[in-house]
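Residues in the sequence shown are numbered consecutively from 1, following this note's numbering.
C-beta atoms are modelled at their ideal positions from N, C-alpha and C, and glycine is treated no differently.
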Amino acid sequence: MTQGATRELARFASRITLSDVPTEVISKIKALILDQLGAEIVAIDLPWTRSIKQYAKRHSREGASIVVVSGESLDAEYAALVNGTAGHGFEIDDYHPAPTHIGCVAVPATLAIALEQESTGEELLLASIIAFEIIARVANATMPSMIFDRGFHATCAHGVFGAAAAAGRLMGLSEADILMALSLAGSHASGTTEFSQTGGDVKRFHAGMGAAGGIRSARAAAFGMTGPPTVLEGKKGILQAFSADPHVNALVDGLGGQWALMETAIKPYTACGLLNPQIDALRDVMTRHKIRADDIERITVGGDRFAVVHVGSIGPAPKTIIGAQFSTHYSLAMSAVLGANDFSTYQAMAKENFENVRVSEMAHRIHIELDPECDKRFPDISKATITVVTKDGRTVHAEGYSYRDLSQDEIENKFHKLVDAALTLEQARGIVKAVERIEAIGNVTDLKRLLLRDKEEK
1 MTQGATRELA
11 RFASRITLSD
21 VPTEVISKIK
31 ALILDQLGAE
41 IVAIDLPWTR
51 SIKQYAKRHS
61 REGASIVVVS
71 GESLDAEYAA
81 LVNGTAGHGF
91 EIDDYHPAPT
101 HIGCVAVPAT
111 LAIALEQEST
121 GEELLLASII
131 AFEIIARVAN
141 ATMPSMIFDR
151 GFHATCAHGV
161 FGAAAAAGRL
171 MGLSEADILM
181 ALSLAGSHAS
191 GTTEFSQTGG
201 DVKRFHAGMG
211 AAGGIRSARA
221 AAFGMTGPPT
231 VLEGKKGILQ
241 AFSADPHVNA
251 LVDGLGGQWA
261 LMETAIKPYT
271 ACGLLNPQID
281 ALRDVMTRHK
291 IRADDIERIT
301 VGGDRFAVVH
311 VGSIGPAPKT
321 IIGAQFSTHY
331 SLAMSAVLGA
341 NDFSTYQAMA
351 KENFENVRVS
361 EMAHRIHIEL
371 DPECDKRFPD
381 ISKATITVVT
391 KDGRTVHAEG
401 YSYRDLSQDE
411 IENKFHKLVD
421 AALTLEQARG
431 IVKAVERIEA
441 IGNVTDLKRL
451 LLRDKEEK
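Structure (structure tokens):
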């Protein structure tokens, strides 16, 4: 067991400068920030976000940080809690193949503290890089065993470490204090995936918990609170406690030179990341072979064991939005019948209590099974196979992969689609431009007006 890995992460967080970061990493982070802001904005008024917002408004002091769109001025911890819950609020946020979700913790935490500290855009950008990289590395060190063998939910359990380090950097903490922030973050790492089996909105809350917990850890460290400096790699640390197959070297190998965050993907669909390759493959096969929904007799999906359990077990008759978003059967049926897996389509299915006749009928024609080749390649490559049997006797195949990079135009189009109902076109364009040139912003409080609903317009 490598000793000193947590300390190396603290050193990285305290010493890195923007000049140390390659151009392609900076471009990637800007795209991920924009994508996460869109995810927060579209989900800020959903029921689970409203619940946490009401809680935060009741208990927070007035602060310099804000809730996106609605504009409540809250303490940074509480603003991060609300925005993080929104950012993971509808399965439209980014996906890292470890697997984990990063932006929904990293962006709310860094923005909340940056607003409080009146940081520059360059400082916010660098803190975001720190958060994304540390979260990706903790994910690579613990997954997939952490979720597959033990049922922990990665979002908070990983995210809190990146949030703590980034918050510490924005607050001007020393390397020693950032080490303590990381050590205290270990006590905030939490959450299980039982929601994927029996429901509940808590999955959304986990992202907010990670963002707020990271800030709380950095603040406590600033006041002298201490914890174990080997919280990640120690004999009774996070890796040993959370994973049956930890990879401690993944925490630090190539740190500052090889960028684990670069594997983070922006989702094209509003569903669990494991479904993205399945949906891609189904769309591909239907387009190439000119197959309509009414032509389909049976769809067989092949996947790795994680996909079979995590998105294959809910079945064709989900009862909730999260159930639909974690159901191979229902999400692929939506794609086949409706040609869409976006925010508005899942909302429309919810209004029908997931009893749309054509979609439900198609969902019962879909079957998922373990594919040995997909299983062999997971988690390095998330692959799905699709076999469609048509009513006229044809059998056709396709494959899908999780690493489908979206173009800048696709990323911006996705953002505009997400925020259209909440913000004016001028605001949306302003956010895109601000993120594109974020390092030139002198004080990030200038972003506030762009992130708040224009009451006269909306």
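(message) Do Ala244 and Ser145 have their beta-carbon atoms positioned less than 8 Å apart in this structure?
(response) yes
(request) Assign Arg288 to one of two classes, buried (16 or more other C-beta atoms within 10 Å of its C-beta) or exposed (fewer than that). (result) exposed
(message) Please state whether the Cβ-Cβ distance between Ile178 and Ile29 is less than 8 Å.
(response) no
(request) Tell me whether Asn140 is buried or exposed, calling it buried when 16 or more other Cβ atoms sit within 10 Å of its Cβ. (result) buried
(message) Residues in the same chain with beta-carbon distance under 6 Å from Gly71, minus the five sequence neighbours each way, listed in chain order, please.
(response) Leu452
(message) Just verifying my parser: in three-state terms, what is the DSSP assignment at Thr460?
(response) Since the first residue shown for the chain is 1 and the last is 458, residue 460 is missing from the structure and cannot be characterised.
(message) Given this structure, state the Cα-to-Cα distance separating Arg394 from His96, to the nearest angstrom.
(response) 36 Å
(request) Starting from the C-beta of Ile438, find all residues in its chain whose C-beta is less than 8 Å away, skip the five residues before and the five after it, and write them out in chain order. (result) Lys30, Ile33, Gly121, Glu122, Leu124 and Leu125
(request) For the alpha helix (DSSP H) holding Tyr346, just list the boundary residues, first then last. (result) Phe343 to Lys351
(request) Using a threshold of 8 Å, state whether the C-beta atoms of Leu282 and Thr328 are closer than that. (result) no
(request) Compute the Euclidean distance between the alpha carbons of Gly159 and Ile147, then round it to the nearest angstrom. (result) 14 Å
(request) On a CA-only basis, which of Thr100, His101, Cys104 and Ala127 is nearest Ile113? Give me that one, please. (result) Ala127
(request) Express the C-alpha separation of Ala106 and Phe132 in angstroms, rounding to a whole number. (result) 6 Å
(request) Drop a sphere of 10 angstroms on the beta-carbon of Tyr269, count the other beta-carbons inside from all chains shown, and report buried for 16 or more, exposed for fewer. (result) buried
(request) Counting only the same chain and skipping the five closest in sequence on each side, list residues whose C-beta sits under 7 Å from that of Glu456. (result) At Glu456 the pLDDT is 48, less than 50, meaning the model places this residue with poor confidence; the figure from the coordinates comes in the next sentence. Cβ within range, chain order: n/a, list empty.
(request) Pick helix, strand or coil for Glu77, following the three-state DSSP scheme. (result) helix
(message) For the structure I just gave you, are there three or more beta carbon pairs, one from the segment 339-350 and one from the segment 310-325, closer than 8 Å?
(response) yes
(request) Please look up how many angstroms separate the CB atoms of His101 and Ala207, rounded, as I've assumed it's under 8 Å. (result) 7 Å
(request) Compute the Euclidean distance between the alpha carbons of Ala384 and Lys57, then round it to the nearest angstrom. (result) 43 Å
(request) Could I get the ranges of all uninterrupted beta strand (DSSP E) runs contained in the segment 380-425, with 3 residues as the minimum, in chain order? (result) 383-390 and 395-401
(message) According to DSSP, is Arg298 part of a helix, a strand, or is it coil?
(response) strand
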